[in-house]
Amino acid sequence: MKMNGHNAMEWKVIFILIVLEVCVEHISAQLHYSIPEELKQGSLVGNIAEDLGLKIKELSFRNFHTVLRGKTQYFRVSLEDGKLYITERIDREVLCEMRENCYISFEAVIENPLQLFTVKVEIQDVNDNPPTFSKTVFDIVISETALPGIKFPLGLAQDPDIGSNSGQNYKITANEYFILGDRMTDEGIKVPELILQKTLDREKQSSYEIVFTAMDGGKPPKTGSALIKIIVLDMNDNFPNFDKDTYKITLNENVPVGSLVLQLKAEDEDEGSNAEITYSFRDVPESIHSVFSIDPVHGDIKVIGTVDYEIKQRYELTVEAKDGGGLEAHCKVSIQIVDINDNAPEIIITSLLPSIPEDSPSDTVVALINVHDIDSDVNGEVVCEVSGTVPFKLILSSTNYYKLVTTSSVDREQNGQYDIEIKALDNGSPQLSTKKTIQLIVLDVNDNAPVFEDTRYTVYIQENNLQGTSVHKVHATDYDINENAKISYFVLSDTIDDIPVSSYVSINSVTGILYAQRSFDYEQLREFQFQVMAKDSGSPSLSSNVTVKICIIDKNDNAPKILYPSTDTEESTLFEFIPHSAEKGYLVTKVIAVDADSGHNAWLSYHLHQVPDPSLFIIGQHSGEIRIGKYLPDMESLRQKIVVLVKDNGVPFLSSTVTLNLVVAENFQQIVPEIKRQPKTSETSSNVTFYLIVFIAMISLFFLITVVATVIFKCRKNSTPTSLGTLGRNVYPQFTLGCPSEFSDTSLPFPFSYDVCVTLDSKQNEIAYLKPVQSVPTDNLIDTGDSAVVSDQTQQQVQPNSDWRFSQAQRPGPSGAQPTEEAGVWPNNQFETERLQAMILASANEAAEGTSGLGGSTGTMGLSARYGPQFTLQHVPDYRQNVYIPGSTLTPTNAAGKRDGKGGGNKKKSGKKDKK
138 MKMNGHNAME WKVIFILIVL EVCVEHISAQ LHYSIPEELK QGSLVGNIAE
188 DLGLKIKELS FRNFHTVLRG KTQYFRVSLE DGKLYITERI DREVLCEMRE
238 NCYISFEAVI ENPLQLFTVK VEIQDVNDNP PTFSKTVFDI VISETALPGI
288 KFPLGLAQDP DIGSNSGQNY KITANEYFIL GDRMTDEGIK VPELILQKTL
338 DREKQSSYEI VFTAMDGGKP PKTGSALIKI IVLDMNDNFP NFDKDTYKIT
388 LNENVPVGSL VLQLKAEDED EGSNAEITYS FRDVPESIHS VFSIDPVHGD
438 IKVIGTVDYE IKQRYELTVE AKDGGGLEAH CKVSIQIVDI NDNAPEIIIT
488 SLLPSIPEDS PSDTVVALIN VHDIDSDVNG EVVCEVSGTV PFKLILSSTN
538 YYKLVTTSSV DREQNGQYDI EIKALDNGSP QLSTKKTIQL IVLDVNDNAP
588 VFEDTRYTVY IQENNLQGTS VHKVHATDYD INENAKISYF VLSDTIDDIP
638 VSSYVSINSV TGILYAQRSF DYEQLREFQF QVMAKDSGSP SLSSNVTVKI
688 CIIDKNDNAP KILYPSTDTE ESTLFEFIPH SAEKGYLVTK VIAVDADSGH
738 NAWLSYHLHQ VPDPSLFIIG QHSGEIRIGK YLPDMESLRQ KIVVLVKDNG
788 VPFLSSTVTL NLVVAENFQQ IVPEIKRQPK TSETSSNVTF YLIVFIAMIS
838 LFFLITVVAT VIFKCRKNST PTSLGTLGRN VYPQFTLGCP SEFSDTSLPF
888 PFSYDVCVTL DSKQNEIAYL KPVQSVPTDN LIDTGDSAVV SDQTQQQVQP
938 NSDWRFSQAQ RPGPSGAQPT EEAGVWPNNQ FETERLQAMI LASANEAAEG
988 TSGLGGSTGT MGLSARYGPQ FTLQHVPDYR QNVYIPGSTL TPTNAAGKRD
1038 GKGGGNKKKS GKKDKK
């Protein structure tokens, strides 16, 4: 198929563009400049930006820079105008010696995208060196018998310049005996010779001095001169003679100093001193004298300096052999240096990213690396690789250039810094290598959310804490760093009983310390929980949540409250009637008290605090029952005022007192007038003050005993309950308090049987009090299910009778304003409801035994028959007796209207109605 000229031209253009594109990928361009040597610093070489077709702004933006080898940097590129300038003086003779072509090469690199340029600067020779002779004086000895035409070779002048600048012409001062000639060597070099043209006469003149001048071909030419001294001797007509005009030797570089290169031997047919030959170098550069030496007697050429192929590959030596008569001969020694693998590869980092983000994709270019070996042939062939197991590899970009790229994504949390070892090996024998380490920093990316130390926090706070007190510290860690690991803490918005959680607790957003915003009351709030969020400062930010549960620990901050007898009534009206027929053990009355605290802080004990005759009355330490301790004396009437102390089991304990007037008489009417006329003397106050002082002293002593006992308990780490003193505290074991939900998910927080005292009044609508019964099996626990059953021995608990219900007039609260349900007012929360249910079941248990405490007479306090000695457990305290139904106008009594079956009695409360 024949193509027209237009189509052919298009295909040629496309082909050229494809070739250029391929070349740009590896070496975008080769620039060639030519400058003379010895230019001043700052001289302009060329405009690289213009020659490469680059804009000036691209040089800085694309990170244009040069890669020059060697210690001396001869050039620089200005990023302001894109021009190449000379930075150091260039001496061609020092740089390239006698080589015909002298170049300085370097690479220019442009990034984004990566392009590589090779720049070659040719250094042109200028005539800056005059010819010089190896000797300033040439000594020639000639016999007076020498015939005209005899020739004496002279030394060649050396000129480091090349070309016409080193072309030499020789001349001597005019004289009648000698002329200047030349001879051609095998290499085509003209060697000047001094030719005798007239017979000498030693007797007329024994010596001559002729100026020998050499001129180069420069414009203007430069000259150098030496002096030829001619000594006229008698008869030495035989010259020394070498067996070869040229000796060719090969010598390995780096041969040891003192190694023998060649042993020369010249022969002279003369005898005596005319046959004694002296060897020396002639017409050689001064640099050779630092590398080689010759023995003047034996003609041995030895190495005295470093022989380096990379410095000089070939040496040309001229050796002179002179006999004792002054006759001399010359030979040439050519030494070829053989390269050995004595140079390790050189690794040059031409471009490097100091850091990369941890989310960088694979094949991200990290560095551009140049590898070079100054050895030749296979010794200079280099292979480059990455050492170790790292996510990086090398890709050959162009000749001696490699790109270091990532092979996979990097994770700063696993490795925040990589020390990448680059290893370059040549192919010489023995193989040499070079290692270079590149340090790469992995930048953090916010890819880790904060993590709390615990999956859930449970915090215990004792009630009555100070507002603003720090209660706990939550802490989260973030595997990121810097801003990505800077964590702020927040309490998530929530409500607790329709109250914002922010009114309960607050948190320091920096430290994570939780602060109580209010003083907590265990009797109002047992526990609550909320969520705390930890959020980092990354972009985008990450967060995590944790649940914090606050458990309020009960503190003994409520003194016992005495329900019966009521302390609100005037002292003179609180009395109990005891008939003369009462015997020892007769139940006089019962003190009933409750404590708003919980646990062992609410366990109460009863004590007679002030009593005239301690043996006359006794009180149940746990039941509060006051009984007659001995037979009553035979008297018409007897009045006793006793003070009952009720204290709890807290540390320190709190207490309350109540004063009772006990009257022994035949009938109630007998003592009424005496009670009305009873004077209030100061003696009673005096006794109270005395007993109060004694009681305070006992409390102090008891506190010290408690502290000592506690210390002993901690030291001995005894697992048994600590004794709580002599006043009944040893019957109450101590428990570590916590959230009720942590102990049991049933209705009761402790694994003990509980009795209940509940009071409902206008001041405190709901108070539930639980007491554990010691030595009572756990199968007697109250179940709050639909069919509540209390197991007492083996009997089934029956439902409470209608006598326990409250009438509208008896309901607690102001003016009887509660709802009209017959069951009374129940607490709102489930925990208090279950405890109130337990109280009702315990009361029903008493009713099921056949005697209703509410059906008795008003003089028996509504006490059932179980309060008699035949029904009371003697080996354990009977806490179930502490049941008081508030709002009822009934007083405890038994079915027979008598106490303990021994007699009857009436309890009467005097007031204004009686007076009327």
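Per the working numbering, the sequence shown starts with residue 138, numbered consecutively. Idealized CB from N, CA, C, for every residue including glycine.
Inset, instruction - Can you tell me the Cβ-Cβ gap for D338 and D407, rounded? I've got them flagged as a contact below 8 Å. - result: With a Cβ gap of about 22 Å, D338 and D407 do not count as contacting.
Legend entry - Burial state of R663, where buried means 16 or more other Cβ atoms lie within 10 Å: buried
Inset, instruction - Would you list the residues sitting across from P329 in a DSSP beta bridge? - result: D319
Inset, instruction - Ignore the nearest five residues each way along the sequence and tell me which others in P268's own chain have a CB closer than 6 Å to its CB. - result: A294, D296, Q305, A351, D353 and G361
Legend entry - Spatial neighbours of E660 in its chain, beta-carbon cut-off 6 Å, leaving aside the 5 residues before and after: A733
Legend entry - Simplified DSSP state of M670, which is helix, strand or coil: strand
Legend entry - Beta-carbon proximity check, A245 vs V258, cutoff 7 Å: no
Legend entry - Length of the line joining the Cα atoms of D374 and S280: 7 Å
Legend entry - Selection from G395, P494 and V611 that minimises the alpha carbon distance to S681: V611
Inset, instruction - Kindly indicate which residue of P749, E522 and E762 has the alpha-carbon position closest to the one of Y701. - result: E762
Legend entry - Cβ-Cβ distance between S271 and D420 below 7 Å: yes
Legend entry - Straight-line Cα distance separating L580 from E495: 6 Å
Inset, instruction - Count the C-beta pairs between the stretch 382–402 and the stretch 425–441 that are closer than 8 Å, then say yes if the count reaches three, no if not. - result: yes
Legend entry - In chain order, each alpha helix (DSSP H) run of at least 4 residues that lies wholly inside the stretch 225–252: 229–233
Legend entry - Chain-order list of residues whose beta-carbon lies under 7 Å from that of L216 (same chain, five-residue window excluded): L196, S197 and F201
Legend entry - Counterpart residues of F606 in DSSP-defined beta bridges: The sequence given here has Thr at residue 606, not Phe. Partner(s): none; T606 has no beta bridge.
Legend entry - Residue environment, N645, which counts as buried when at least 16 other CB atoms sit within 10 Å: exposed
Inset, instruction - Measure the Cβ-Cβ separation of Q599 and I687 and say whether it is below 7 Å. - result: no
Legend entry - Buried or exposed (CB count within 10 angstroms, at least 16 for buried), Y446: buried
Legend entry - Run of the alpha helix (DSSP H) containing F289, from where it starts to where it stops: That residue, F289, is in no alpha helix (DSSP H); its beta strand (DSSP E) goes K288 to P290.
Inset, instruction - Kindly indicate which residue of G463, F429, G190 and P677 has the alpha-carbon position closest to the one of R451. - result: F429
Legend entry - Local conformation of M352 per DSSP, three classes: strand
Inset, instruction - Decide if the stretch 220–237 is in contact with the stretch 520–537; the criterion is three or more beta carbon pairs, one per stretch, under 8 Å apart. - result: no
Inset, instruction - Can you grab the Cα-Cα spacing for the pair I367 / F315, in whole Å? - result: 10 Å
Legend entry - Residues near S417 by beta carbon distance below 7 Å, same chain, minus five either side: I431, P433 and E457
Inset, instruction - Excluding the 5 residues preceding and the 5 following A671 in the sequence, name in chain order all residues of the same chain whose CB lies nearer than 7 Å to its CB. - result: P587, F589, A613, I624, Y626, S680 and S681
Inset, instruction - Output the boundary residues of the alpha helix (DSSP H) element that contains I193. - result: I193 to F198
Inset, instruction - Report the option in E803, T310 and V685 whose CA atom is closest to the CA atom of V638. - result: V685
Inset, instruction - Take Y594 as the anchor and find which of V801, F667 and L541 has the nearest alpha-carbon. - result: F667
Legend entry - Alpha-carbon spacing of P285 relative to V348, whole angstroms: 20 Å
Legend entry - Proximity to Y543 [Cα-Cα], best of V844, P498 and D563: One detail in the question is off: residue 543 reads as Thr in this sequence, not Tyr. Comparing Cα positions, the closest option is P498.
Inset, instruction - Compare the Cα-Cα distances from T536 to each of T310, G553, D548 and V508 and report the closest residue. - result: V508
Inset, instruction - With DSSP as the reference, label G517 as helix, strand or coil. - result: helix
Legend entry - Contact set for P528: own chain, Cβ-Cβ below 7 Å, skip 5 residues either direction: T543, T544, S545 and V547
Legend entry - Entirely enclosed beta strand (DSSP E) segments - the stretch 727–789, minimum 3 residues: 729–731, 742–747, 754–756, 762–765 and 775–784
Inset, instruction - Work out the CA separation of V470 and S427 for me, nearest whole Å. - result: 16 Å
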